[in-house]
Amino acid sequence: MKTLAFAAALAVAAISAPAVAQEHQDHAPAAAPASGKLSVETTPIGDIIKNEKAKAILETALPPISQFYDQIATMTLSQVAPMSQGALDDAKLKEIQAAFDKL
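Under the working numbering, residues 11 to 113 are what the sequence shown spells out, in order.
Given below as structure tokens:
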């Protein structure tokens with residue numbers, strides 16, 4: 011059920027993606043640190059999915075997310091979380107970050 015809710019939330023986000031992009035334009039996420047570390051807080055999803063191992067982590071944790079990459083590529087996972095209707099909560103963000111930290 012959470013997967014369906016997450017997909018529905020991201021579908022709504024896709025419809026309003028231009029508005030969301032404009033809203034976050036002034037608060038654009040910082041680039042990944044020079045060390046190449048990935049962050050759920052600062053790394054845009056588009057950059058995360060360029061790393062095949064990170065992309066696999068993301069798709070394992072949130073299978074429906076792959077269909078929304080084009081709409082949410084400029085956002086961070088933390089920015090997407092409020093639109094996920096609970097599918098991407100603090101615990102899931104910590105789990106994903108822990109997996110990124112092992113890369």
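Cβ atoms here follow ideal geometry from the backbone N, Cα and C, with glycine treated the same way.
Note that the structure is a prediction, hence the values are computed from the model and not measured.
Is the shortest distance between the beta-carbon of S76 and the beta-carbons of chain B less than 9 Å?
Protein chains in the displayed structure number just one, and chain B is not present.
Which residues bound the alpha helix (DSSP H) around D111?
D100 to D111
Taking the Cβ atom as the reference point for each residue, do A71 and I106 lie within a distance shorter than 9 Å?
A71 places its beta carbon less than 9 Å from that of I106.
With distance defined between alpha-carbon atoms, name the residue in A83, F78 and I58 nearest to L113.
I58
Could you give the C-beta distance for T53 and T86, rounded to a whole number, given that I count them as a contact under 8 Å?
6 Å
What does the alpha-carbon distance come out to for the pair F78 and A108?
23 Å
Tell me the residue span of the alpha helix (DSSP H) that contains E69.
Here the alpha helix (DSSP H) through E69 covers E62 to A71.
Do S76 and E51 have their CB atoms nearer than 9 Å?
no
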